[in-house]
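Going left to right, the sequence shown walks through residues 14 to 268 as our numbering numbers them.
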Amino acid sequence: MTGGQGSGRISPDEFRHIALAETVSTNSECLARAREGDPGNLWITAARQTGGRGRRGREWLSEPGNLYASLLLIDPAPVKHLHSLPLAAAVAVHRAIRRVMPSGSPEVAIKWPNDILIDGRKTCGILLEGEALPEGRHALVIGCGVNVAVMPETGLYPVTSLRREGATISAEELFAHLFVTMAEALSIWDRGAGIAAIIDQWKAAAKGIGEAITVNLPDRSLGGRFVGIDEDGRLLLDTGSGAPLAIAAGDVFLG
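This is the structure in structure tokens:
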């Protein structure tokens, strides 16, 4: 997935991987390499980040023992289809985490837009960042932070870790699964052509559809019923006053 032509099918064999002991941010490292001409399909992992970040500019606490991984893609899809890539990323990470959880463990679910919950507690955040490159090329980075061994408190949501929920694996072992599931999800997504299938998988794994939620926006809070997502990945909120509102960004609180 390094050019604007052809199929979006991808094999794990097409991925490269660089493991770092420490970096400021795996997302930033990917973007720096893109500026230097890296062709993409590059995973960068780090044992520790000194400046990890989450959505909306929040700090992502990066304790050793957790997974910090970013995938650099160059021209992964026509620009009009990039809005749906976060859904594919969430499906991939959800699938990887489910594969390592023991039988009988609590529910693993996606919380809009792309957090992963175990038993209602956040264990993973996903941050996508893009940058225009020379000659009309575009870099897109999928960054994943998963609480494997440690669960730093964020103050926003209850948190947990894979270890606390019974998974006896390392960050490296989880990454081996993610390496495969990301290729699977990107192949289904197929440069945006497979968005309908990705939306179906996302909805099947989603937490709270059909239930009452609160969405905190920069200037207000909205309450209503979570009725699903549209093809742009926007949350559809039924407030009881007309057609559902389509929300592109916000903090969702369930229940």
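Glycine included, C-beta positions come from ideal geometry on N, C-alpha and C. Keep in mind the model is a prediction, meaning the values are calculated, not measured.
Asked: Where does residue 215 sit, in a helix, a strand or coil, going by DSSP?; Found: helix
Asked: Helix, strand or coil for residue 169 per DSSP?; Found: coil
Asked: Excluding sequence positions up to five away, which residues of its chain have a Cβ less than 6 Å from the Cβ of residue 94?; Found: 205
Asked: At what residues does the beta strand (DSSP E) containing residue 122 begin and finish?; Found: 121 to 124
Asked: In terms of alpha-carbon separation, which member of 238, 171, 175 lies closest to residue 163?; Found: 175
Asked: Could you pull out every residue in the same chain whose Cβ sits closer than 8 Å to the Cβ of residue 178, ignoring the five residues on either side in sequence?; Found: 114, 118, 119, 131, 132, 136
Asked: Can we say the region 73 to 84 touches the region 45 to 65, given the rule of at least three CB pairs closer than 8 Å?; Found: yes
Asked: Please report the residue range of the alpha helix (DSSP H) in which residue 142 lies.; Found: Unbroken run through residue 142 is the beta strand (DSSP E), 134 to 145; no alpha helix (DSSP H).
Asked: Does residue 203 pass the burial test, meaning 16 or more other C-beta atoms within 10 Å, or should it be called exposed?; Found: buried
Asked: Measure the alpha-carbon distance for residue 225 versus residue 267 and round it to whole angstroms.; Found: 7 Å
Asked: Indicate whether residue 210 and residue 201 have their beta-carbon atoms separated by less than 8 Å.; Found: yes
Asked: Have a look at 63, 76, 86, 103 and flag the residue whose alpha-carbon is nearest the alpha-carbon of residue 215.; Found: 103
Asked: May I ask you to report which of helix, strand or coil DSSP gives residue 29?; Found: strand
Asked: Ordered along the chain, which non-local residues of its own chain (more than five positions away) have a Cβ less than 6 Å from that of residue 153?; Found: 86, 89, 143
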